[in-house]
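Some notes on the structure that comes next.
Numbering (my numbering), first residue to last: 22 to 700.
In structure tokens form, the structure reads like this:
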């Protein structure tokens, strides 16, 4: 049908990396060179276009995944700039779910860092073709080829080197383009808008020829005709090279590698050209897969405006003026302003009041968002991250993103009855925005406990509660979010019988519990005969079991890694009810777990410390004293990297302690590793 943006000229890409690798700095250059912004906003001065939240500008980090649209030549590019800090991993996860390609930015000094590995494997999971960009080539210790070797070793990938640097560190001047076989230099006086092609410097000719030959050897087998021509002539055309690199990229066989120094305005335009040339359009990726929600049979939808609607809500954001914003990706069909869509997860129809396209925090009204494109809806009330939107008569259910469980908690208390209501509203809105943020009321103390992925995560969220939502509240100190599990198998039989609102409710179940391998999650299995418990009531039993798992058995912490089995029970046609079976199952699970020897688990974190070599000894000694298990110490040119597994309970306040030990020169990242028994 060809409506909207031509699909072959559309790119949906994300920019992902380790914290402080230069994602937002690079994105600012892309926006400037594509004409979206008329000045280059810098992270350091709090003026970055993509970092529009007050907390982002104050802290100099990206917190939310910002969406923006720009144009390069004939190509429309939807960019999502995601956070690098591991506390905001949900932002990366939900963005990757809807992208067709990604730029992974590496710090050329530090190479492949821990969070680089995490986001790379997240992209692997969603089968996202990507480009690699070695940034900060102007910094002391920058090592282009060493970083590429780390890509091979740590990521198990096949780098396609398209450029080599001209100089490095303070002598970094430009790049050699191995496809054109030309040197490229940028002009500093116009902030890198213009650049010149020239002959390759004599001292780099041999190296350039070597890496171009290696590149051609890597790619020519993708096309038999081109391979034959290459074997005859020993070279192929620039157009053929571009075609082969794209084939390698979209089939996950290779990753084109670029280099530059974004802060110095060197190297960004070839990267934008790489988005156009090598990353896929929505019609070059496989059709989206889902299931029929009634039959659970697999369904596919191709990227066409004429197909039935399939769209995924991948981000919910609260806006003070517009209300709740729903970011969505349309995989097939289209979403039109003022029409109704069907939320398959919630089984309800909702009307779209307004459709907008985001230019960071600026909103531009749109009438229709067609297949393959990304837009934002205003007016959807009962929607959460991961919900599928479709036509009511042609439903499809798409796979939801999976998010990690929170590992750290704080208690929060409103200062007045008025603030109680404001707090409850704010918590509900924040938990819809952020799937890794939870809020629960402690049944014993009545306190509201909020949980998240780390100290920074909770710090930002509580700051938003107090400032953005204007809630007056007292916030406690961070506490570890422990878990419970069992050591052995056990069973329990419960007969529940109670009068509720003048009606008798009964339920009779036999529940067994079994420990499963750490990290496998909770499972439920039904082995009861239809005559013992009709299928209509099995879901009530499952609800009771999972309610008990969430509530905790011995210490009030959620239960993990337990396989619960409904072995049997009985049914009374007169008074067996959903309430009765749910209550019986909950009590039976509690009792079985008590018999099975429950234990407490604490979260252990994977910590990567990057430090100048002078401070390694003291830092390792401190980590050992915290109960850490050193995995690896790796030397780079000017720094050492220490990988360690350490209990979260011993890491509170580590930012200050590390700064003190290293004269402020060491940094660290920390992410959840696993739950293990408290030592």
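Positions of the beta carbon are idealized from the N, C-alpha and C atoms, including for glycine.
(request) For residue 672, name the three-state secondary structure that DSSP assigns. (result) Residue 672 sits at position 651 when you count from the first residue of the chain shown. Looking at residue 672 - three-state DSSP - the assignment turns out to be coil, as it is neither helix nor strand.
(request) Would you please state the rounded distance, in angstroms, between the beta carbons of residue 136 and residue 690? I believe it to be under 8 Å. (result) Start at 1 with the first residue of the chain shown, and residue 136 comes out as number 115. Start at 1 with the first residue of the chain shown, and residue 690 comes out as number 669. At roughly 5 Å, the Cβ-Cβ gap stays under 8 Å, so residue 136 and residue 690 are in contact.
(request) Please look up how many angstroms separate the CB atoms of residue 451 and residue 277, rounded, as I've assumed it's under 8 Å. (result) Counted from its first residue, the chain shown places residue 451 at position 430. Counted from its first residue, the chain shown places residue 277 at position 256. Incorrect: roughly 39 Å between the Cβ atoms, too far for contact.
(message) Considering only their Cβ atoms, is the gap separating residue 621 from residue 670 smaller than 8 Å?
(response) On the chain shown, residue 670 is found 649 positions in, with the first residue counted as 1. On the chain shown, residue 621 is found 600 positions in, with the first residue counted as 1. For residue 670 and residue 621, no; Cβs fall outside 8 Å.
(request) Starting from residue 434, follow the beta strand (DSSP E) in both directions and report where the run begins and ends. (result) Here the question's residue 434 lines up with position 413 in the chain shown. Looking at the DSSP string, the run of the beta strand (DSSP E) that includes residue 434 is 429-435.
(request) Please classify residue 519: is it buried, with 16 or more other beta-carbons within 10 angstroms of its beta-carbon, or exposed? (result) Sequence index remark: in the chain shown, residue 519 carries index 498 (1-based). Exposed: under 16 other Cβ atoms inside 10 Å.
(request) State the Cα-Cα distance for the pair residue 330 and residue 93, rounded to the nearest angstrom. (result) Locating residue 330 in the chain shown gives position 309, counting from the first residue. Locating residue 93 in the chain shown gives position 72, counting from the first residue. One C-alpha to the other measures close to 29 Å.
(request) Report yes if the CB atom of residue 100 is closer than 8 Å to the CB atom of residue 51, and no otherwise. (result) Counted from its first residue, the chain shown places residue 100 at position 79. Counted from its first residue, the chain shown places residue 51 at position 30. It is a contact, given that the beta carbons lie within the stated cut-off.
(message) Residues in the same chain with beta-carbon distance under 7 Å from residue 569, minus the five sequence neighbours each way, listed in chain order, please.
(response) Numbered from its first residue, the chain shown carries residue 569 at position 548. Counting only Cβ-Cβ distances below 7 Å, and skipping sequence neighbours, we find 607, 610 and 611.
(request) Could you check the C-alpha separation between residue 259 and residue 167 for me, to the nearest Å? (result) Against the chain shown, residue 259 aligns to sequence position 238. Against the chain shown, residue 167 aligns to sequence position 146. Roughly 27 Å between the two C-alpha positions.
(message) Spatial neighbours of residue 357 within its chain, please: C-beta separation below 6 Å, excluding the five flanking residues on both sides.
(response) For this step, residue 357 is matched to residue 336 along the chain shown. Closer than 6 Å at the Cβ level, and outside the excluded window around residue 357, lie 389.
(request) Going by DSSP, name the residue or residues bridged to residue 198. (result) For the purposes of this step, residue 198 is taken as the residue at position 177 of the chain shown. Paired residue(s): 184 and 203.
(message) Distance check for residue 428 and residue 693, CA to CA, integer angstroms please.
(response) Taking the first residue of the chain shown as 1, we reach residue 693 at position 672. Taking the first residue of the chain shown as 1, we reach residue 428 at position 407. Computed Cα separation, rounded: 8 Å.
(message) For residue 291, report the span of its alpha helix (DSSP H) as first-last.
(response) If you number the chain shown from 1, residue 291 lands on position 270. Taken as a continuous stretch (DSSP letters only), the alpha helix (DSSP H) holding residue 291 covers 289-299.
(request) From the DSSP output, read off the bridge partner residues of residue 280. (result) By one-based count along the chain shown, residue 280 stands at place 259. In DSSP, residue 280 forms a bridge with 155.
(message) Can you check which of these residues, 508, 454, 385 and 526, is closest to residue 516 by C-alpha distance?
(response) Looking up residue 516 in the chain shown gives position 495. Selected option, being the one with the closest Cα: 526.
(request) Have a look at residue 630 and residue 652 and give me their C-alpha separation to the nearest angstrom. (result) Position 609 of the chain shown, counted from the first residue, corresponds to residue 630. Position 631 of the chain shown, counted from the first residue, corresponds to residue 652. Rounded to whole angstroms, residue 630 to residue 652 spans 12 Å at the Cα level.
(request) Might you give, ordered along the chain, the residues of its own chain that have their beta carbon closer than 7 Å to the beta carbon of residue 194, omitting 5 neighbours on each side? (result) Locating residue 194 in the chain shown gives position 173, where the first residue counts as 1. The answer, listed in chain order, is 187, 188 and 206.
(message) Given this structure, state the Cα-to-Cα distance separating residue 572 from residue 579, to the nearest angstrom.
(response) The count along the chain shown starts at 1 and reaches residue 572 at position 551. The count along the chain shown starts at 1 and reaches residue 579 at position 558. Those two C-alpha atoms are separated by around 6 Å.
(message) So, with DSSP's three-state summary, where would you put residue 171?
(response) Locating residue 171 in the chain shown gives position 150, counting from the first residue. DSSP places residue 171 in helix when its eight states are reduced to three.
(message) Rounded to the nearest angstrom, what separates residue 333 and residue 484 at their Cα positions?
(response) Numbered from its first residue, the chain shown carries residue 333 at position 312. Numbered from its first residue, the chain shown carries residue 484 at position 463. Distance between the alpha carbons of residue 333 and residue 484 is about 29 Å.
(request) Taking 8 Å as the cut-off, decide whether the C-beta atoms of residue 513 and residue 613 are in contact. (result) Here residue 513 refers to the residue found at position 492 when the chain shown is read from its first residue. Here residue 613 refers to the residue found at position 592 when the chain shown is read from its first residue. Taking 8 Å as the Cβ cut-off, residue 513 and residue 613 qualify as a contacting pair.
(message) Please classify residue 156 as buried or exposed, where buried requires at least 16 other C-beta atoms within 10 Å of its C-beta.
(response) Here residue 156 corresponds to residue number 135 of the chain shown, with the count starting at 1. A residue is called buried when at least 16 other Cβ atoms come within 10 angstroms of its Cβ; residue 156 meets this threshold and is buried.
(message) In the DSSP output, which residue or residues are listed as bridge partners for residue 384?
(response) Along the chain shown, read from residue 1 onward, the residue named residue 384 stands at position 363. As a beta-bridge residue in DSSP terms, residue 384 pairs with 379.
(message) Once DSSP output is grouped into helix, strand and coil, what is the label at residue 425?
(response) Indexing the chain shown from 1 puts residue 425 at position 404. Correct three-state label for residue 425: coil.
(message) On a Cα-Cα basis, can you pick out the residue from 33, 478, 394 and 204 that is closest to residue 299?
(response) Taking the chain shown and counting its residues from 1, the one referred to as residue 299 is at position 278. Among 33, 478, 394 and 204, the Cα nearest to that of residue 299 is on 33.
(request) Note down, in chain order, each residue of its chain lying with its Cβ closer than 6 Å to the Cβ of residue 313, except the 5 sequence neighbours on either side. (result) Indexing the chain shown from 1 puts residue 313 at position 292. Residues 320 of the same chain have their beta carbon placed closer than 6 Å to that of residue 313, with the five preceding and five following residues left out of the count.
(request) For my contact list, residue 197 and residue 182 are in at a C-beta cut-off of 8 Å; report their separation, rounded to the angstrom. (result) The residue labelled residue 197 in the question sits at position 176 within the chain shown. The residue labelled residue 182 in the question sits at position 161 within the chain shown. Wrong, their Cβ atoms sit about 10 Å apart, outside the cutoff.
(message) What ranges does the beta strand (DSSP E) occupy inside the stretch 438-493, keeping only unbroken runs of at least 3 residues that lie completely in it?
(response) 459-462 and 469-473
(request) Taking residue 623 and residue 503 to be in contact with their CB atoms under 8 Å, please state how far apart those CB atoms are, rounded to whole angstroms. (result) As a first step, residue 623 is located in the chain shown; it is residue number 602 there, counting from the start. As a first step, residue 503 is located in the chain shown; it is residue number 482 there, counting from the start. Yes, residue 623 and residue 503 are in contact; Cβ-Cβ is about 6 Å, under 8 Å.
(request) Pull up the distance between the alpha-carbon of residue 284 and that of residue 232, whole angstroms please. (result) Here residue 284 is taken as the residue at index 263 of the chain shown, counted from 1. Here residue 232 is taken as the residue at index 211 of the chain shown, counted from 1. About 26 Å.
(message) Per the DSSP calculation, residue 517 is bridged to which residue(s)?
(response) For the purposes of this step, residue 517 is taken as residue 496 along the chain shown, with counting starting at 1. For residue 517, which the question treats as bridged, DSSP gives the partners 528.
(request) Determine contact between the stretch 586-603 and the stretch 545-560, defined as no fewer than three beta-carbon pairs at a distance below 8 Å. (result) Judged by pairs of C-beta atoms under 8 Å, the stretch 586-603 touches the stretch 545-560, as three or more such pairs exist.
(message) Going by beta-carbon coordinates alone, are residue 89 and residue 345 separated by less than 8 Å?
(response) Taking the chain shown and counting its residues from 1, the one referred to as residue 89 is at position 68. Taking the chain shown and counting its residues from 1, the one referred to as residue 345 is at position 324. No; because the gap between Cβ atoms is not below 8 Å, this pair is not in contact.
(request) Just mark residue 658 as buried or exposed, buried being the case when its beta carbon has 16 or more other beta carbons within 10 Å. (result) Taking the first residue of the chain shown as position 1, residue 658 is located at position 637. Counting Cβ neighbours within 10 Å, residue 658 comes out exposed, since fewer than 16 surround it.
(request) Using 10 angstroms around the beta-carbon of residue 336, count the other beta-carbons present and answer buried if the total reaches 16, otherwise exposed. (result) One-based indexing of the chain shown puts residue 336 at position 315. Counting Cβ neighbours within 10 Å, residue 336 comes out buried, since at least 16 surround it.
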